[in-house]
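**Student:** One structure follows; several queries about it will come next.
There are 2 protein chains.
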Amino acid sequence: MNFINNTLGRKIPDEVNGRAVKPFRGAFADEGGGRIATRKISTVRHKGRINKVVGGWNELFTHLQPHSGMTISFHHHFRNGDYMINEVINRLAALGLKDLVIAPSALFPVHDQLVDLIKSGVISHVEGSMNGQVGVACSKGFMKRTAILRSHGGRARAIQDGDLHIDIAFIVAPTADELGNANGVNGPSACGPLGYALADSQFADQVVVITDNLVPYPCVPWSIMGGNVDYVLKVDKVGDPEKIVSGTTRLTKSPTQLMIAELAAKFVDAAGFVKDGFSFQAGAGGISLAFTVFLGNIMREKKVKASFVHGGSTEILVNLLNENLIDYILDLQAFDLPAVRSLKDNKRHIESPPFSSYLQHAKGCLANMLDVGVLGATEIDIDFNANVNTHSDGMLLHGTGGFSDVAAGSGCTILTAPSFRKRIPIIKERVTTITAPGEVVDVLVTERGICINPRRSDILDRVKNSGLPIIPIRELMDKVHTLTGIPEKPKLGDRPVALIEWRDGTVIDSVWQVLED
Amino acid sequence: MNFINNTLGRKIPDEVNGRAVKPFRGAFADEGGGRIATRKISTVRHKGRINKVVGGWNELFTHLQPHSGMTISFHHHFRNGDYMINEVINRLAALGLKDLVIAPSALFPVHDQLVDLIKSGVISHVEGSMNGQVGVACSKGFMKRTAILRSHGGRARAIQDGDLHIDIAFIVAPTADELGNANGVNGPSACGPLGYALADSQFADQVVVITDNLVPYPCVPWSIMGGNVDYVLKVDKVGDPEKIVSGTTRLTKSPTQLMIAELAAKFVDAAGFVKDGFSFQAGAGGISLAFTVFLGNIMREKKVKASFVHGGSTEILVNLLNENLIDYILDLQAFDLPAVRSLKDNKRHIESPPFSSYLQHAKGCLANMLDVGVLGATEIDIDFNANVNTHSDGMLLHGTGGFSDVAAGSGCTILTAPSFRKRIPIIKERVTTITAPGEVVDVLVTERGICINPRRSDILDRVKNSGLPIIPIRELMDKVHTLTGIPEKPKLGDRPVALIEWRDGTVIDSVWQVLED
Numbered sequence: 202m203n204f205i206n207n208t209l210g211r212k213i214p215d216e217v218n219g220r221a222v223k224p225f226r227g228a229f230a231d232e233g234g235g236r237i238a239t240r241k242i243s244t245v246r247h248k249g250r251i252n253k254v255v256g257g258w259n260e261l262f263t264h265l266q267p268h269s270g271m272t273i274s275f276h277h278h279f280r281n282g283d284y285m286i287n288e289v290i291n292r293l294a295a296l297g298l299k300d301l302v303i304a305p306s307a308l309f310p311v312h313d314q315l316v317d318l319i320k321s322g323v324i325s326h327v328e329g330s331m332n333g334q335v336g337v338a339c340s341k342g343f344m345k346r347t348a349i350l351r352s353h354g355g356r357a358r359a360i361q362d363g364d365l366h367i368d369i370a371f372i373v374a375p376t377a378d379e380l381g382n383a384n385g386v387n388g389p390s391a392c393g394p395l396g397y398a399l400a401d402s403q404f405a406d407q408v409v410v411i412t413d414n415l416v417p418y419p420c421v422p423w424s425i426m427g428g429n430v431d432y433v434l435k436v437d438k439v440g441d442p443e444k445i446v447s448g449t450t451r452l453t454k455s456p457t458q459l460m461i462a463e464l465a466a467k468f469v470d471a472a473g474f475v476k477d478g479f480s481f482q483a484g485a486g487g488i489s490l491a492f493t494v495f496l497g498n499i500m501r502e503k504k505v506k507a508s509f510v511h512g513g514s515t516e517i518l519v520n521l522l523n524e525n526l527i528d529y530i531l532d533l534q535a536f537d538l539p540a541v542r543s544l545k546d547n548k549r550h551i552e553s554p555p556f557s558s559y560l561q562h563a564k565g566c567l568a569n570m571l572d573v574g575v576l577g578a579t580e581i582d583i584d585f586n587a588n589v590n591t592h593s594d595g596m597l598l599h600g601t602g603g604f605s606d607v608a609a610g611s612g613c614t615i616l617t618a619p620s621f622r623k624r625i626p627i628i629k630e631r632v633t634t635i636t637a638p639g640e641v642v643d644v645l646v647t648e649r650g651i652c653i654n655p656r657r658s659d660i661l662d663r664v665k666n667s668g669l670p671i672i673p674i675r676e677l678m679d680k681v682h683t684l685t686g687i688p689e690k691p692k693l694g695d696r697p698v699a700l701i702e703w704r705d706g707t708v709i710d711s712v713w714q715v716l717e718d
Numbered sequence: 202m203n204f205i206n207n208t209l210g211r212k213i214p215d216e217v218n219g220r221a222v223k224p225f226r227g228a229f230a231d232e233g234g235g236r237i238a239t240r241k242i243s244t245v246r247h248k249g250r251i252n253k254v255v256g257g258w259n260e261l262f263t264h265l266q267p268h269s270g271m272t273i274s275f276h277h278h279f280r281n282g283d284y285m286i287n288e289v290i291n292r293l294a295a296l297g298l299k300d301l302v303i304a305p306s307a308l309f310p311v312h313d314q315l316v317d318l319i320k321s322g323v324i325s326h327v328e329g330s331m332n333g334q335v336g337v338a339c340s341k342g343f344m345k346r347t348a349i350l351r352s353h354g355g356r357a358r359a360i361q362d363g364d365l366h367i368d369i370a371f372i373v374a375p376t377a378d379e380l381g382n383a384n385g386v387n388g389p390s391a392c393g394p395l396g397y398a399l400a401d402s403q404f405a406d407q408v409v410v411i412t413d414n415l416v417p418y419p420c421v422p423w424s425i426m427g428g429n430v431d432y433v434l435k436v437d438k439v440g441d442p443e444k445i446v447s448g449t450t451r452l453t454k455s456p457t458q459l460m461i462a463e464l465a466a467k468f469v470d471a472a473g474f475v476k477d478g479f480s481f482q483a484g485a486g487g488i489s490l491a492f493t494v495f496l497g498n499i500m501r502e503k504k505v506k507a508s509f510v511h512g513g514s515t516e517i518l519v520n521l522l523n524e525n526l527i528d529y530i531l532d533l534q535a536f537d538l539p540a541v542r543s544l545k546d547n548k549r550h551i552e553s554p555p556f557s558s559y560l561q562h563a564k565g566c567l568a569n570m571l572d573v574g575v576l577g578a579t580e581i582d583i584d585f586n587a588n589v590n591t592h593s594d595g596m597l598l599h600g601t602g603g604f605s606d607v608a609a610g611s612g613c614t615i616l617t618a619p620s621f622r623k624r625i626p627i628i629k630e631r632v633t634t635i636t637a638p639g640e641v642v643d644v645l646v647t648e649r650g651i652c653i654n655p656r657r658s659d660i661l662d663r664v665k666n667s668g669l670p671i672i673p674i675r676e677l678m679d680k681v682h683t684l685t686g687i688p689e690k691p692k693l694g695d696r697p698v699a700l701i702e703w704r705d706g707t708v709i710d711s712v713w714q715v716l717e718d
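Protein chains in written order, with our numbering: chain A, 202 to 718; chain B, 202 to 718.
See below:
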């Protein structure tokens, strides 16, 4: 393995897991070209009804013939309420399989038990997204091969372009029929959209739908199309939708976070974005939820109506929709049960898979139609490079989610964060890991002031007389350093344990092994 | 060009337009394999809003750079009310283009004027479907090359598998936004589903959406996804939805047709199909509409509810849906305005594109989930081979529509037809053209009796004590011949002017040039 520097000066290996690495060359340097992945032609060989329901796990595995080294994929619509990822991988482990490549769209604390399977060699590495203890295990070098982190749009791209070939996709569906049509809006375990599994269903060699609510054909809406599905497995319970509300998705009570959220909303207003037909995405972190509340207040006051808001959807967003302050919610995932119900019942609440929401390798996507994107980050540096994957101690704790996609698409990308967390400043001379380049990050809102990327003189002009606390980013960094001191750099080894892909498939940064004391 | 015989003994050429012909080997002989078509990777190269709306036809053509010999595609949701197919082709003719391959999902009398463009060499030939005078022109040998007729599912398959490569797809959309998202349910020209254009949008090199109702992003539902669209053109009026009701789609008043329809409904009941959760498709021909009315009466009487009916949808079907005699209408096209409105407003009326409805080269489709398919035909022979393309004079007058797909999929395929039309018997020793093999055709219902394919002893058993007029097909043919005489065979030349593809891409029959007197 040799190392090269990409155009951001980050050191990356020239190959990963036997595949050549394409170095990042700029957020929009990618020229497309090449061909999307193809797939084997299937065929139907009889007249009359088709029933893909298998008798149980054993019969399923007899059909699937799983093997060591294969890539299996999962989606994360159940978030921390998922029952199936552990179940499937444990069953594959019991069959004696090794070196599995896991391609989940995200993992949650409920999946922390996978660490043992990483240590025992059942799991080789992760491609897609990881969070929490699995990320820690990666940071400590427990994975045999190099993990690859992709944004939601990047994951769909990798599957579409053939960079991520899935042998078996396991799709957990709150409702499905015997042909394999499936959705997330009906059934006792309804979780909302199923969009993260769409690419998997279209490109994986074998596709399994696992449901606890088998209904007679036709299961509509068919977020997943039966024509792409090989087997349907009925289980007692696929997950606990109550637990999709977890961790990051509660409204903050922290005065600092509320202050940041309000400042961000005021900034968006002062910059002239709040007008009829505008659009935004704010996500479901504590600050983001509060931002949505404050922005809703401004919209109500000004009698302004947004054309759409891009979810993750929450009760807060649903209330704005029902109040007619928003024409449409376009939605990748539900963060609470009111959002699940709204997707089911409200014709103006629309499921939007990563292909339509986030795909760079298409002729346009929703992310570009966002006027404002409000995102969280763990670090930002004086060139506005953003880090959402690692903490300042080097630990890989978060997946990329839609961060890169929204940042690169939205007309104005705003990061919200406290100026320091636990005495660790958020603004750095250089971020530990670059998730998205400063080229696409426009604004940082902290409780100590708002920093605007010098590239965006247009935005700076719009707010210069607003009375808002605008401050150069280096000045704010220095100010915070007087409070916190300059933290020590983490002790990192020279093994890249994970690569961060930019949404076009190039590698924007390496995550280095964290050396234990 | 050499000729070979396929397994039905039909003479077919071994190549067509430079491509090798795969001879038909049986309705379900196809083993799949091979890979689906891939396509060029597109990419988005900037932050912020995307607007694909062009300034007019001239700007559109400057972008498209159309060239002689290219393949252009259209869909037929506007049926006889379409304004755009003639417009586009006339404009391409005005640019001096020649030898265009036209790939419409169907043509209608409004497109008869294309005959002049065929004669003048602007249009080389048709791949997909044709009807009426364009078919006559084909029969008379006016097309330079050999036309290829495909069923709706066969067309989607050919596009998916790469047999039909489309250079430019023109998608006529009652509503669209600036990204290219489009649907058929909103706007002054609402026509219902847009599913026939879905494959085109996903696989064509360039995709144009033409609309008379441009709305701000997001246009939802997005039957056509903006991520697949290159350009959006706004025109004054795309078509006249009043004229989607045309020709074949009116309820019959003919006593003979009503008698056939009632007999077919009684047969379906006697054979035990009318029970809770059953499914059917009957189409929108005169007899089919009447069949639906009669079957509805039986369902009402027996208090039986169907799980779904597959459209084309009509007011009659919509009424059954609203009466709760049907759980769902799954719909490929609207045949009248009440159906258009129902698709828009009723959550149990669902758009289903050919991929989910009819695709053989998938892991199953809707057609297989039909218990009963009721179809019309121009001829049927004593082996139950069916012809829907040519008349007994050899003239190619009809596209295949969904005929082959429903026939091959549905548990019981029933043809309804008068025993003779204008002194031409419908039952022949050998049909003029085989559209679908007797292997998939189960029953013929005429006003003079019901013929059951001897392959289906199971169905014969179910109705043997029903008192229905069951009669062997040869006996019925002979009986009709005593009334009509045996008609002369048409004078056909030895040039195959069109090939009939079976839904798997093999060639089931040739259509021969009709020699003029």
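A virtual CB, placed ideally from N, CA and C, is assigned to each residue, including glycine.
Would you kindly work out how many angstroms separate the C-alpha atoms of B/K629 and B/V715, rounded to a whole number?
**Tutor:** Reading the second sequence from its first residue, position 428 is the one you call residue 629 of chain B. Reading the second sequence from its first residue, position 514 is the one you call residue 715 of chain B. One C-alpha to the other measures close to 19 Å.
**Student:** Check each candidate in A/S711, A/P310, A/L693, A/V335 and name the one with the smallest Cα separation from A/K320.
**Tutor:** By one-based count along the first sequence, residue 320 of chain A stands at place 119. Considering only alpha carbons, the answer is A/V335.
**Student:** Assuming B/S611 is part of the alpha helix (DSSP H), what are its boundary residues?
**Tutor:** Within the second sequence, numbered from 1, the residue matching residue 611 of chain B stands at position 410. B/S611 -> no alpha helix (DSSP H), and no H or E assigned at all.
**Student:** Taking 9 Å as the CB-CB cut-off, is B/E717 touching chain A?
**Tutor:** Your numbering for residue 717 of chain B matches position 516 in the second sequence. Chain A contact via Cβ: absent.
**Student:** Quickly, what does DSSP pair B/A391 with across the bridge? List them, please.
**Tutor:** As a first step, residue 391 of chain B must be located in the second sequence, where it is residue number 190. DSSP lists no partner for B/A391.
**Student:** List, in order along the chain, the chain D residues whose C-beta lies closer than 8 Å to that of A/N429?
**Tutor:** No chain D appears in the structure shown, which is made up of the protein chains A and B.
**Student:** Does the beta-carbon of B/K248 have 16 or more other beta-carbons within 10 angstroms, so that it is buried, or is it exposed?
**Tutor:** Within the second sequence, the letter at position 47 stands for residue 248 of chain B. Flag for B/K248 reads buried.
**Student:** Looking only at its own chain, which residues have a Cβ that is under 6 Å from the Cβ of B/R631, when we skip the five neighbours before and after it?
**Tutor:** In the second sequence, counting from the first residue as 1, residue 631 of chain B sits at position 430. Only D582 meet the Cβ criterion.
**Student:** Please name the residue, chosen from B/T683, B/R211, B/G233, B/L661, that lies closest to B/S469 on a Cα-to-Cα basis.
**Tutor:** Along the second sequence, one-based indexing puts residue 469 of chain B at 268. Residue 469 of chain B is actually Val in this sequence, not Ser. That would be B/L661, whose Cα lies nearest to the Cα of B/V469.
**Student:** I'd like to check one pair, B/H353 with B/G602: are the Cβ atoms closer than 9 Å?
**Tutor:** Counting from 1 along the second sequence, the entry for residue 602 of chain B is found at position 401. Counting from 1 along the second sequence, the entry for residue 353 of chain B is found at position 152. Result yes, Cβ atoms of B/G602 and B/H353 sit closer than 9 Å.
**Student:** Once you ignore the five residues that flank B/C348 on each side, which residues in its own chain have a CB closer than 6 Å to its CB?
**Tutor:** Along the second sequence, read from residue 1 onward, the residue named residue 348 of chain B stands at position 147. The identity of residue 348 of chain B in the sequence shown is Ala, whereas the question assumes Cys. So the list reads H326, V327, C339, A699, once near-sequence residues are dropped.
**Student:** What is the residue span of the beta strand (DSSP E) that B/D528 lies within?
**Tutor:** Sequence index remark: in the second sequence, residue 528 of chain B carries index 327 (1-based). Run containing B/D528: 527 to 532, per the beta strand (DSSP E) assignment.
**Student:** Tell me the DSSP secondary structure of A/Q458 in three-state form.
**Tutor:** In the first sequence, the residue the question calls residue 458 of chain A occupies position 257. Helix.
**Student:** Tell me the rounded alpha-carbon separation between A/P670 and A/I651.
**Tutor:** Reading the first sequence from its first residue, position 469 is the one you call residue 670 of chain A. Reading the first sequence from its first residue, position 450 is the one you call residue 651 of chain A. Taking the straight line from one Cα to the other gives about 6 Å.
**Student:** Using 8 Å for Cβ pairs, my map puts A/F229 next to A/T208. What's the rounded Cβ distance?
**Tutor:** In the first sequence, the residue the question calls residue 229 of chain A occupies position 28. In the first sequence, the residue the question calls residue 208 of chain A occupies position 7. With a Cβ gap of about 12 Å, A/F229 and A/T208 do not count as contacting.
**Student:** For A/T208, does the three-state DSSP call read helix, strand or coil?
**Tutor:** Here residue 208 of chain A refers to the residue found at position 7 of the first sequence. Coil.
**Student:** Express the C-alpha separation of B/D643 and A/G363 in angstroms, rounding to a whole number.
**Tutor:** In the first sequence, counting from the first residue as 1, residue 363 of chain A sits at position 162. In the second sequence, counting from the first residue as 1, residue 643 of chain B sits at position 442. Each residue's Cα considered, the two are about 43 Å apart.
**Student:** Report the partner residues of A/I372 according to the DSSP bridge assignment.
**Tutor:** Locating residue 372 of chain A in the first sequence gives position 171, where the first residue counts as 1. For A/I372, which the question treats as bridged, DSSP gives the partners A/V410.
**Student:** Just to confirm the assignment: which complete alpha helix (DSSP H) runs, minimum length 4, are found wholly within the stretch 633 to 691 of chain A?
**Tutor:** As far as the stretch 633 to 691 of chain A is concerned, its whole alpha helix (DSSP H) runs of at least 4 residues are 658 to 664, 674 to 685.
**Student:** Output, in chain order, the set of chain B residues within a Cβ distance shorter than 8 Å of A/I709.
**Tutor:** As a first step, residue 709 of chain A must be located in the first sequence, where it is residue number 508. Here the premise fails: no neighbours, minimum Cβ distance about 16 Å.
**Student:** DSSP three-state call for A/L315: helix, strand or coil?
**Tutor:** Residue numbering aside, residue 315 of chain A sits at position 114 when the first sequence is read from its first letter. If DSSP states are grouped into helix, strand and coil, A/L315 belongs with the helices.
**Student:** Would the stretch 666 to 682 of chain B and the stretch 563 to 578 of chain B be scored as touching if the rule is three or more Cβ pairs under 8 Å?
**Tutor:** At 8 Å Cβ cutoff, the stretches do not touch.
**Student:** Is the beta carbon of B/I445 closer than 9 Å to that of B/D401?
**Tutor:** What you label residue 401 of chain B is simply residue 200 of the second sequence in a count that begins at 1. What you label residue 445 of chain B is simply residue 244 of the second sequence in a count that begins at 1. Contact: no.
**Student:** Within the same chain, show all residues whose beta-carbon is closer than 8 Å to that of A/D528, passing over the 5 residues directly before and after it, in chain order.
**Tutor:** Sequence index remark: in the first sequence, residue 528 of chain A carries index 327 (1-based). For A/D528, where only same-chain residues beyond five positions count, the Cβ hits under 8 Å are K506, A507, S508, F509, R549.
**Student:** Suppose you measure from the CA of B/F262 to the CA of A/N218; what does that come to, to the nearest Å?
**Tutor:** Residue numbering aside, residue 262 of chain B sits at position 61 when the second sequence is read from its first letter. Residue numbering aside, residue 218 of chain A sits at position 17 when the first sequence is read from its first letter. Cα-Cα distance, rounded: 46 Å.
**Student:** How would you list, in chain order, the residues of chain A whose beta-carbon sits under 9 Å from the beta-carbon of B/D413?
**Tutor:** Within the second sequence, numbered from 1, the residue matching residue 413 of chain B stands at position 212. Near B/D413 there are no residues of chain A at all, since even the closest Cβ is about 21 Å away, more than 9 Å.
**Student:** So, for A/K467: in the same chain, excluding its five sequence neighbours on each side, which residues have a beta-carbon less than 7 Å away from its beta-carbon?
**Tutor:** Position 266 of the first sequence, counting from 1, holds the residue named residue 467 of chain A. These residues qualify, in order along the chain: L669.
**Student:** Need the endpoints of the beta strand (DSSP E) that A/K435 sits in, please.
**Tutor:** Numbered from its first residue, the first sequence carries residue 435 of chain A at position 234. Segment 432 to 435, the beta strand (DSSP E) holding A/K435.
**Student:** In angstroms, rounded to a whole number, what distance separates the CA positions of A/G497 and B/L567?
**Tutor:** Reading the first sequence from its first residue, position 296 is the one you call residue 497 of chain A. Reading the second sequence from its first residue, position 366 is the one you call residue 567 of chain B. So the alpha carbons of these two residues sit roughly 44 Å apart.
**Student:** Indicate whether the contact test is met: 3 or more Cβ pairs, each with one atom in the stretch 304 to 318 of chain B and one in the stretch 422 to 433 of chain B, closer than 8 Å.
**Tutor:** Contact fails: fewer than three Cβ-Cβ distances are below 8 Å.
**Student:** Would you call the stretch 365 to 383 of chain B and the stretch 391 to 411 of chain B in contact, with 3 or more CB pairs under 8 Å?
**Tutor:** Yes, the stretch 365 to 383 of chain B touches the stretch 391 to 411 of chain B.
**Student:** Identify each residue in the stretch 221 to 240 of chain B for which the Cβ-Cβ distance to at least one residue of chain A is less than 9 Å, and report them in chain order.
**Tutor:** Listed by position, the residues of the stretch 221 to 240 of chain B near chain A (Cβ gap below 9 Å) are A228, F229, A230, D231, E232, G233, G234, G235, R236, I237, A238, T239, R240.
**Student:** Is A/R220 helix, strand or coil by DSSP?
**Tutor:** Taking the first sequence and counting its residues from 1, one reaches residue 220 of chain A at position 19. A/R220 falls in the strand class under three-state DSSP.
**Student:** Under 6 Å Cβ to Cβ from B/R675, same chain only, skipping five residues before and after it: list those, please.
**Tutor:** Taking the second sequence and counting its residues from 1, one reaches residue 675 of chain B at position 474. If we look at B/R675 and ignore the five residues flanking it on each side, its Cβ neighbours are I583.
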